[in-house]
Amino acid sequence: MAMATATARSAVLLLALISFLLLLPFLAAALSVDSPKGRRVLVLLDDLATKSSHSLYFRSLQSRGYDLDFKLADDPKIGLQRYGQYLYDGLILFCPATERFGGSLDQAAILDFVDSGHDLIIAADASASDLIREIATECGVDFDEDPLAVVVDHIGYAVSDTEGDHTLIAADDFIDSSVILGDKKIEAPVLFQGIGHSLNPSNNLVLKVLAASPSAYSANPKSKLSNPPSLTGSAISLVSVVQARNNARVLITGSLSLFSNRLFRSSVQKAGSSTRHEKAGNEQFLTEISKWIFHERGHLKAVNVKHNLVGEADEPAMYRITDDLEYSVEIYEWSGSSWEPYVSDDVQVQFYMMSPYVLKTLSTDKKGVYSTSFKVPDVYGVFQFKLEYQRLGYTSLSLSKQIPVRPFRHNEYERFIPAAYPYYGAAFSMMAGFFLFTFAHLYNK
Amino acid sequence: MARSSGDDAQALFHSLRSAYAATPKNLKIIDLYVAFAVFTALIQVVYMALVGSFPFNSFLSGVLSCIGTAVLAVCLRIQVNKENKEFKDLPPERAFADFVLCNLVLHLVIMNFLG
């Protein structure tokens, strides 16, 4: 009897355990918010000393919830994907001297990683290898071809006791965008020591976030200049970002020491200015821009596109010309932890067939719903509701919904056309005239 | 010379008026009816020239009713006129009956085409 009860009790316990394990994934899903990007980041280093010499930057990422996986660049066990699934959601390449990656990683694998929508941070340096330079070129950024050239600035350098060749420069020419660099203005200049790159002016996906001052140039500081340097002035970009058409974001910079603890903690005074800032702007700059790179800011989603006739609730399959219709869409922005309503006054919708017949700016109720109403034009055909939204620093929205528009049915025209009243009048007056004429003709003397 | 051509025109006009005064009364009634129809047609053409031909079927219907009426009235006048040798044997009642029937058909067509 006792044994039966014992087995019964253990059976009940087993059942409870199994049901709890089965319910666990649902519990986990209920607790997590649907963030647009994952948190696993692979960090590739040239040597593991970088992990401690750049620990402040890595700690800022880890404190925001990112799962950093540090590996040496030539570790044979590294791989970005296994069985078709990506193991990581972001990649940081702090390995400027690496000629070849270990494991299954190569330039094509990294570019596929970005093409599938994941984010990338590349830091080159004065000793950058061809591999890193080529990856940067594929992303739209051209490093200076001379392998010995670094950015030198004899007017905008950072005043310091040790470095006398003016390769450590203090840069404060930031891009004017609060989405990319945060709301707080970066007061202190950013300390930079490394190689510069240039951007192709016809490339509209790449942005110069930190440019060199007009007095900078890219040359070898140890040898005499035989001919003028090819990269000079503000054309030199120190830090650039690329937002690809699939909204993957890439940060490219020519200085690994930009991220280092030494420059984070150092004080900065730009040559020629009298203010000495206690802390360089590196930490604030890189923290804010990393937030943007990993989609904690400036990531939009548009959901719930609805259109219907004014006064009705359901979407018709077809509209008629000169109908009144209303269109609404909900746009949210990821704030790092939740989806907040996106507030802006320049979202426009087009009613498009080969060219926009109607272009209206949507008005928002500040809770994320954007709506407008307009009259269908007097043209029939297959139209699209097109919403194209590309703003600096935000993901691009491109929505399109097709809807046919038909002409009037034969019984939907006005019964009597006001413009034809004279003709109606003439016809009836002829009939009346005929009637009166018959009497006049028959009964005249 | 100018005076004589002016006099000639006036003399012509006077002779026309006196000749016309001699026509029988029933023919004058038909002439008035024709003038009314043509005048209505001209009004419609001027209106179309101003406003455009948007309901073109209505325009055609209106103008056609006027012109058709005028044509049928002219036919009646020819057949009823006693000075006309060709229709000497045609009884005027027969001419009138034809006129009425044709007008009925005309107005039926016009009503259908008016829109």
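Quick note, the sequences are listed as chains L and Z, same order.
Its first residue numbered 1086, the first sequence is counted upward by one per residue in the numbering used here.
Its first residue numbered 506, the second sequence is counted upward by one per residue in the numbering used here.
Beta carbons are placed, not taken as given, at the ideal position from N, Cα and C, and that holds for glycine.
Just the Cα atoms here: how many angstroms apart are L:Leu1102 and L:Asp1268?
Here residue 1102 of chain L is taken as the residue at index 17 of the first sequence, counted from 1. Here residue 1268 of chain L is taken as the residue at index 183 of the first sequence, counted from 1. Whole-angstrom Cα-Cα distance: 50 Å.
From what residue to what residue does the beta strand (DSSP E) around L:Gln1535 run?
Here chain L comprises residues numbered 1086 to 1530, so residue 1535 of chain L is not present and cannot be evaluated.
Rounded C-beta distance between L:Val1434 and L:Phe1470? I'm assuming under 8 Å.
Position 349 of the first sequence, counted from the start, is the residue given in the question as residue 1434 of chain L. Position 385 of the first sequence, counted from the start, is the residue given in the question as residue 1470 of chain L. L:Val1434 to L:Phe1470, Cβ: 6 Å. Contact.
What ranges does the beta strand (DSSP E) occupy inside the region 1324-1396 of chain L, keeping only unbroken runs of at least 3 residues that lie completely in it?
The beta strand (DSSP E) runs of length 3 or more contained entirely in the region 1324-1396 of chain L are, from start to end of the chain, 1334-1338, 1384-1394.
DSSP three-state label for L:Leu1099, please.
If you number the first sequence from 1, residue 1099 of chain L lands on position 14. If DSSP states are grouped into helix, strand and coil, L:Leu1099 belongs with the helices.
Give a yes or no on whether the C-beta atoms belonging to L:Phe1379 and L:Ile1271 are separated by under 7 Å.
Reading the first sequence from its first residue, position 294 is the one you call residue 1379 of chain L. Reading the first sequence from its first residue, position 186 is the one you call residue 1271 of chain L. For the pair L:Phe1379 and L:Ile1271, the CB atoms are not nearer than the 7 Å cut-off.
Bounding residues of the beta strand (DSSP E) (the contiguous stretch that carries L:Gly1175)
In the first sequence, the residue the question calls residue 1175 of chain L occupies position 90. That run of the beta strand (DSSP E) goes 1175-1179.
Can you find a CB in chain Z that lies within less than 7 Å of the CB of L:Tyr1508?
Sequence index remark: in the first sequence, residue 1508 of chain L carries index 423 (1-based). Answer yes: the Cβ-Cβ gap between L:Tyr1508 and chain Z drops below 7 Å somewhere.
Which residues mark the beginning and the end of the alpha helix (DSSP H) in which L:Thr1457 is found?
Position 372 of the first sequence, counted from the first residue, corresponds to residue 1457 of chain L. Careful: L:Thr1457 lies outside any alpha helix (DSSP H), inside the beta strand (DSSP E) at 1454-1460.
CA nearest to the CA of L:Leu1484, picked from L:Phe1436, L:Gly1188, L:Gly1279
Sequence index remark: in the first sequence, residue 1484 of chain L carries index 399 (1-based). Of the candidates L:Phe1436, L:Gly1188, L:Gly1279, the one whose C-alpha sits nearest the C-alpha of L:Leu1484 is L:Phe1436.
If we cut at 7 Å on Cβ distances, does L:Ile1265 have a partner in chain Z?
Walking along the first sequence from the start, residue 1265 of chain L turns up at place 180. Output row for L:Ile1265: interface = no.
Could you tell me whether the Cβ of Z:Cys571 comes closer than 7 Å to any Cβ of chain L?
Your numbering for residue 571 of chain Z matches position 66 in the second sequence. With 7 Å as the cut-off, Z:Cys571 counts as an interface residue toward chain L.
From the DSSP output, read off the bridge partner residues of L:Ile1254.
Taking the first sequence and counting its residues from 1, the one referred to as residue 1254 of chain L is at position 169. BP columns for L:Ile1254 point to L:Tyr1242, L:Phe1277.
Here's the rule: buried if 16 or more other CB atoms are within 10 angstroms of the residue's CB, otherwise exposed. What is L:Tyr1412?
Start at 1 with the first residue of the first sequence, and residue 1412 of chain L comes out as number 327. In this structure L:Tyr1412 is buried. Its beta-carbon is surrounded by 16 or more other beta-carbon atoms within 10 angstroms.
Any beta carbon from chain L within less than 7 Å of Z:Lys530's own beta carbon?
Along the second sequence, read from residue 1 onward, the residue named residue 530 of chain Z stands at position 25. Yes, contact with chain L.
Given a cut-off of 7 Å on the beta-carbon distance, is the pair L:Val1353 and L:Ala1255 in contact?
Here residue 1353 of chain L corresponds to residue number 268 of the first sequence, with the count starting at 1. Here residue 1255 of chain L corresponds to residue number 170 of the first sequence, with the count starting at 1. Taking 7 Å as the Cβ cut-off, L:Val1353 and L:Ala1255 qualify as a contacting pair.
What are the residues that DSSP puts in a beta bridge with L:Lys1486?
Here residue 1486 of chain L is taken as the residue at index 401 of the first sequence, counted from 1. Paired residue(s): L:Phe1470.
Suppose contacts are defined by Cβ-Cβ distances below 7 Å. Is L:Phe1468 in contact with L:Val1490 by that definition?
For this step, residue 1468 of chain L is matched to residue 383 along the first sequence. For this step, residue 1490 of chain L is matched to residue 405 along the first sequence. Against a cut-off of 7 Å, the Cβ pair of L:Val1490 and L:Phe1468 comes out as a contact.
Give a yes or no on whether 7 Å exceeds the smallest Cβ distance from Z:Ile615 to chain L.
What you label residue 615 of chain Z is simply residue 110 of the second sequence in a count that begins at 1. Yes, its Cβ sits closer than 7 Å to a Cβ of chain L.
Specify the secondary structure class of L:Ile1265 as computed by DSSP and reduced to three states.
One-based indexing of the first sequence puts residue 1265 of chain L at position 180. Helix at L:Ile1265.
Helix, strand or coil: how does DSSP classify L:Val1443 here?
One-based indexing of the first sequence puts residue 1443 of chain L at position 358. DSSP places L:Val1443 in strand when its eight states are reduced to three.
With 16 other CB atoms within 10 Å as the buried threshold, where does L:Val1327 fall?
Walking along the first sequence from the start, residue 1327 of chain L turns up at place 242. Its Cβ being crowded by 16 or more others within 10 Å, L:Val1327 is buried.
Please confirm whether L:Ala1505 has its beta-carbon closer than 7 Å to some beta-carbon of chain Z.
The residue labelled residue 1505 of chain L in the question sits at position 420 within the first sequence. Yes, L:Ala1505 lies at the interface with chain Z (some Cβ there is under 7 Å from its Cβ).
Cutoff 7 Å: Z:Pro596 Cβ touching any chain L Cβ
Mapped onto the second sequence, residue 596 of chain Z falls at position 91. Taking Cβ atoms only, chain L never reaches closer than 7 Å to Z:Pro596, which makes this a no.
Which residue comes first and which comes last in the beta strand (DSSP E) that contains Z:Arg582?
Locating residue 582 of chain Z in the second sequence gives position 77, where the first residue counts as 1. Looking at the DSSP string, Z:Arg582 is not in any beta strand (DSSP E); the run it does join, the alpha helix (DSSP H), is 561-585.
Since L:Phe1436 meets chain Z, which of its residues come closer than 7 Å, beta carbon to beta carbon?
Along the first sequence, read from residue 1 onward, the residue named residue 1436 of chain L stands at position 351. Near L:Phe1436 there are no residues of chain Z at all, since even the closest Cβ is about 26 Å away, more than 7 Å.
How many angstroms separate the CA atom of Z:Val556 from the CA atom of Z:Ala542?
Against the second sequence, residue 556 of chain Z aligns to sequence position 51. Against the second sequence, residue 542 of chain Z aligns to sequence position 37. Between the alpha carbons of Z:Val556 and Z:Ala542 lies a gap of roughly 21 Å.
When DSSP builds the beta bridges, which residues end up paired with L:Met1438?
Translated into positions along the first sequence, residue 1438 of chain L becomes position 353. Answer is L:Ser1440, bridged to L:Met1438.
In the DSSP output, which residue or residues are listed as bridge partners for L:Ser1300?
Along the first sequence, read from residue 1 onward, the residue named residue 1300 of chain L stands at position 215. Beta-bridge pairing links L:Ser1300 to no other residue.
Using a C-beta cutoff of 7 Å, does Z:Ile583 count as contacting chain L?
Counting from one through the second sequence, the residue named residue 583 of chain Z turns up at place 78. False, the Cβ-Cβ gap to chain L never drops below 7 Å.
Would you say L:Phe1522 lies against chain Z (beta-carbon separation less than 7 Å)?
Working through the first sequence from its first residue, we reach residue 1522 of chain L at position 437. Yes, L:Phe1522 lies at the interface with chain Z (some Cβ there is under 7 Å from its Cβ).
Could you please tell me which residues of the region 551-579 of chain Z, in chain order, have their CB closer than 7 Å to any CB of chain L?
Tyr552, Val556, Phe559, Pro560, Ser563, Phe564, Ser566, Gly567, Ser570, Cys571, Thr574
Between the region 1136-1147 of chain L and the region 1340-1350 of chain L, do at least 3 Cβ pairs fall closer than 8 Å?
With a cut-off of 8 Å, the region 1340-1350 of chain L and the region 1136-1147 of chain L count as touching, because enough Cβ pairs lie within range.
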